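Visitor:
In full-length UniProt numbering, the protein residues as written are 1 to 474.
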């Protein structure tokens, strides 16, 4: 008899050792945000695939979803000085994110209020004393107030006092600059919820810097793109080189409120799919980290020892030396494991040390079958306070491998290639299928269901079109 059939929906787990049991054995114990669980069963219904196939659906997302949600626009390190700016685009919308004072950042809709020309090109960043239109010379101070209009005598109907640049809301957290186009949206703190907010604050990501930043267009809808990274269920078949050292199918999945979810995938242990096939020495020899360039040699695992503990000790020392950082109070789990948090709608935060990443996903407003995937590595800042450069983005073409990006570890680049190679086939398969829905696992794919329920929530709302007058500072 299959005992699993007696369980209520969502209660089934892989019968092997749990994520929390693995972490509990570590020498340097994990903090509360690691040693906790927060799973909730959210149903078993198929996910309608029209959302991935329809250009009209994507256009409605721009009106209902993207205009109401908090989004990571840039890092504070992108705009450290007054007058520094960074252009962030989402769909048809564009923003100049700029620092106007030491403790104040604003995000202006990136369009001249004369005839609509962008004030700064998409993808640009720099420093400015004003934002001047290249077409007719209208200009704005960095605080958003109108500075000048060419031939003001011809515009008696355009009061400069009424022509300040409309703004999105801005919040900062963890060194990130977040924006929201909806003046009525909840605060970022309320949007994330108390538990997720507590986790993010505990990571102190404001003490990290961008060591590598890579972008690549992916031939799939943005939601298929983001969902490919929401579970470790795909690891045994998509990443066979990783599976022997990754507790993939017994990873842990959690949800927090409406906008945050996560998984914890423990590393340095054999996947349950390969139980009995590999020794502790094999695990050590085959282990892959986010940046294997720091690994100069791999020692022997002594009798009674585990590869996981040996790697935690080894990587703590190596990462301390490589980053000139103090990791003595960081748990073994934080050193080794993969922690993946989704901040709805389009940001992943990975607060671990071996995989210190951020993912961001953005739709192509001109093609619902394409999206932009970004990978950033955030390394700890040197303990001595020495200056480190913020890495500039490396822009790959759709045909290029992640391995070609400067600063990307080739081993990890190959993993990203494996992930994204599936997406073209999935996009085409979803469109070719006679089945109108995706069938999800109750536990291992809960993050996808949680994400799509948030999509459904916003898509059920009336369109929220930015009103330029309501978005001006008074």
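For glycine and all other residues, C-beta sits at the position ideal for the given N, C-alpha and C.
In this text, all values refer to a predicted model and were calculated from it rather than measured experimentally.
1. Give a yes or no on contact between the stretch 72 to 84 and the stretch 204 to 220, applying the rule of three or more CB pairs nearer than 8 Å.
2. Assign residue 481 to one of three DSSP states: helix, strand, or coil.
3. Counting Cβ pairs closer than 8 Å, one from the stretch 393 to 408 and one from the stretch 320 to 336, do we hit at least three?
4. Based on the DSSP output, what are the partners of residue 74 in its beta bridges?
5. Compute the beta-carbon to beta-carbon distance between residue 22 and residue 247, rounded to the nearest angstrom, for a pair I have assumed lies under 8 Å.
6. Taking DSSP's pairing of strands, which residues face residue 259 in a bridge?
7. Name the DSSP bridge partner or partners of residue 252?
8. Taking the alpha carbon of residue 212 as the reference point, which residue from 407, 235, 465 and 18 has its own alpha carbon closest?
9. Is it buried or exposed, residue 279, if we count other Cβ atoms within 10 angstroms and call 16 or more buried?
10. Are residue 339 and residue 262 closer than 8 Å when you measure CB to CB?
11. Beta-carbon separation of residue 306 and residue 419 under 8 Å?
12. With 16 other CB atoms within 10 Å as the buried threshold, where does residue 410 fall?
13. Could you give the DSSP three-state label for residue 377: helix, strand or coil?
14. To the nearest angstrom, how far is it from the Cα of residue 350 to the Cα of residue 57?
15. Could you check what DSSP says for residue 199 in three-state terms: helix, strand or coil?
16. Three or more beta-carbon pairs under 8 Å between the stretch 438 to 449 and the stretch 225 to 238, yes or no?
17. Helix, strand or coil, according to DSSP, for residue 395 in the structure here?
18. Tell me the start and end of each unbroken beta strand (DSSP E) in the stretch 111 to 162 that is at least 3 residues and wholly inside, in chain order.
19. How is residue 363 classed by DSSP in three states: helix, strand or coil?
20. The alpha helix (DSSP H) with residue 455 in it runs from where to where?
21. Are the CB atoms of residue 228 and residue 423 within a distance shorter than 8 Å?
22. Determine the burial state of residue 449: buried for a count of at least 16 other Cβ atoms within 10 Å of its Cβ, exposed for fewer.
23. Would residue 342 and residue 283 qualify as a contact pair, given that the criterion is a beta-carbon distance under 8 Å?
24. Count Cβ pairs between the stretch 110 to 130 and the stretch 191 to 200 that sit closer than 8 Å; are there 3 or more?
25. Using 10 angstroms around the beta-carbon of residue 8, count the other beta-carbons present and answer buried if the total reaches 16, otherwise exposed.
26. Mapping the DSSP letters down to three states, classify residue 430 as helix, strand or coil.
27. How is residue 335 classed by DSSP in three states: helix, strand or coil?
28. Can you grab the Cα-Cα spacing for the pair residue 163 / residue 145, in whole Å?
29. Starting from residue 107, trace the beta strand (DSSP E) in both directions and tell me its first and last residue.
30. In the DSSP output, what is residue 168 paired with across the bridge?
31. Exposed or buried, which one is residue 65 when buried takes at least 16 other CB atoms within 10 Å?
32. So if DSSP puts residue 55 in a beta bridge, which residue, or which two residues, is it bridged to?
33. Using the three-state DSSP reduction, which class does residue 413 fall into: helix, strand or coil?
34. Where do the ends of the beta strand (DSSP E) carrying residue 349 lie?
35. Rounded to whole angstroms, what's the CA-CA distance from residue 460 to residue 68? Just pull it up for me.
36. Just verifying my parser: in three-state terms, what is the DSSP assignment at residue 383?
Guide: Quick answer:
1. As far as the Cβ criterion goes, the stretch 72 to 84 touches the stretch 204 to 220, which means the pair count is three or higher.
2. The shown model of the chain, from 1 to 474, leaves out residue 481, and the question about it has no answer.
3. Counting Cβ pairs under 8 Å, fewer than three are found: no touch.
4. Note: residue 74 sits in a beta bridge opposite 177.
5. Yes, residue 22 and residue 247 are in contact; Cβ-Cβ is about 6 Å, under 8 Å.
6. Under DSSP, no beta-bridge partner is assigned to residue 259.
7. Paired residue(s): 264.
8. When the alpha-carbon of residue 212 is set against those of 407, 235, 465 and 18, the nearest one is in 407.
9. Flag for residue 279 reads exposed.
10. Yes, these two residues count as a Cβ contact at 8 Å.
11. Taking 8 Å as the cut-off, the beta carbon of residue 306 is found no closer than this to the beta carbon of residue 419.
12. By the 10 Å Cβ count, residue 410 comes out exposed.
13. The answer is strand: DSSP assigns residue 377 an E or B state.
14. One C-alpha to the other measures close to 30 Å.
15. The DSSP-derived three-state label of residue 199 is helix.
16. Counting C-beta pairs with one atom in each stretch, the stretch 438 to 449 and the stretch 225 to 238 have three or more that are closer than 8 Å, which means they touch.
17. Correct three-state label for residue 395: strand.
18. The stretch 111 to 162 contains these whole beta strand (DSSP E) runs: 125 to 127, 130 to 132, 139 to 141 and 146 to 148.
19. Correct three-state label for residue 363: strand.
20. It spans 446 to 459 - the alpha helix (DSSP H) in which residue 455 sits, taken as one unbroken run.
21. In contact: residue 423 and residue 228 (Cβ atoms closer than 8 Å).
22. Residue 449 comes out buried.
23. Result no, Cβ atoms of residue 342 and residue 283 do not sit closer than 8 Å.
24. Look at the beta carbons and you see the stretch 110 to 130 not touching the stretch 191 to 200: under three pairs across the two are nearer than 8 Å.
25. Exposed, since its Cβ has fewer than 16 Cβ neighbours within 10 Å.
26. Taken through DSSP and simplified to helix, strand or coil, residue 430 comes out as helix.
27. DSSP, read as helix, strand or coil, puts residue 335 in helix.
28. Rounded to whole angstroms, residue 163 and residue 145 show a C-alpha spacing of 7 Å.
29. Residue 107 -> beta strand (DSSP E) spans 104 to 109.
30. Residue pairing from DSSP places residue 168 in a beta bridge opposite 107.
31. Using a 10 angstroms sphere on the CB of residue 65, the tally of other CB atoms reaches 16 or more, which defines it as buried.
32. In the DSSP output, where bridge partners are listed per residue, residue 55 has none listed.
33. Three-state DSSP puts residue 413 in a helix.
34. Residue 349 -> beta strand (DSSP E) spans 347 to 349.
35. If you draw a straight line from the Cα of residue 460 to the Cα of residue 68, it is about 12 Å long.
36. In the structure shown, residue 383 sits in coil (DSSP, three-state: anything other than H, G, I, E or B).
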